[in-house]
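> Sharing a structure below in structure tokens format, with a few things to ask.
Numbering (the UniProt record's numbering), first residue to last: 1 to 210.
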């Protein structure tokens with residue numbers, strides 16, 4: 001039997017964190033004759049598992065669903081599939097991050113429903129299917145994100161081309177005065193050459209990202 005300070009040290013968190021988890025996860029609170037919280041070895045292991053799930057990206061609301069369905073132990077072998085999503089999110093801008101957070105929440109809901117079903121049926125085959133489903137969903141979300149990134153790249157390129165077109169027209173308007181036909185053609189060829197070189201450099205940078 002452990003007091004809350006001892007349990008917190010074993011789990012590696014502060015005492016107030018355990019109290020917060022108990023409140024949010026609706027965990028039963030046991031007290032001794034003096035009214036102090038006390039915990040068993042099983043409680044310590046449960047808190048450790050909750051901490052691991054938190055570190056893997058699950059929210060307390062999602063963890064509470066897992067605990068309610070008695071599926072905490074089933075989450076252990078499949079939680080590593082959530083980590084790549086968090087790593088990918090770190091490199092995106094704020095808007096894309098919010099989008100992936102929403103997608104991650106839907107993925108977590110799917111995961112919890114499938115895990116609950118697997119536990120109820122005590123079906124190992126279904127547990128393996130859960131892993132495959134998660135990977136397929138993650139692949140789909142990544143492809144969607146990649147398509148969105150490509151769309152933004154195309155739109156940016158179109159805006160840049162329009163900008164350079166207007167700039168070129170402006171240059172022609174002011175610098176073309178007093179030039180011979182041959183000089184105008186030479187300047188036009190030079191401008192086209194510069195635009196092509198810039199586009200080639202943009203494509204090279206884009207491919208280097210992958």
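The beta carbon of each residue, even a glycine, is placed where N, CA and C say it ideally should be.
Can you tell me which residues form a DSSP beta bridge with residue 38?
In the DSSP output, where bridge partners are listed per residue, residue 38 has 3.
> Hey, would you say residue 24 sits closer than 8 Å to residue 60, going by beta carbons?
It is a contact, given that the beta carbons lie within the stated cut-off.
> Could you work out which residue in 185, 161, 186, 149 is closest to residue 196 when comparing CA atoms only?
For residue 196, the nearest C-alpha among the options comes from 161.
> Compute the Euclidean distance between the alpha carbons of residue 40 and residue 1, then round it to the nearest angstrom.
Whole-angstrom Cα-Cα distance: 5 Å.
> From this set, 155, 191, 151, which residue's C-alpha is nearest residue 169's C-alpha?
Taking only the C-alpha atoms, the option nearest residue 169 is 191.
> Short check: CB of residue 38 to CB of residue 31, under 8 Å?
A contact, by the Cβ cut-off of 8 Å.
> Just to confirm before moving on: does the CB-CB distance between residue 11 and residue 64 stay below 8 Å?
No. Outside cutoff.
> Taking all protein chains shown into account, do 16 or more other C-beta atoms lie within 10 angstroms of the C-beta of residue 153, making it buried, or fewer, making it exposed?
Exposed: under 16 other Cβ atoms inside 10 Å.
> Secondary structure at residue 149, three-state DSSP: helix, strand or coil?
In the structure shown, residue 149 sits in a helix (DSSP, three-state: H, G or I).
> CA-CA distance, residue 42 and residue 143?
The straight-line gap from Cα to Cα measures roughly 42 Å.
> Assuming residue 4 and residue 27 are in contact, meaning their beta carbons sit under 8 Å apart, how far apart are those beta carbons, in whole angstroms?
Incorrect: roughly 12 Å between the Cβ atoms, too far for contact.
> So, with DSSP's three-state summary, where would you put residue 31?
Three-state DSSP puts residue 31 in a strand.
> Please report how far the alpha carbon of residue 167 lies from the alpha carbon of residue 201, in whole angstroms.
Whole-angstrom Cα-Cα distance: 19 Å.
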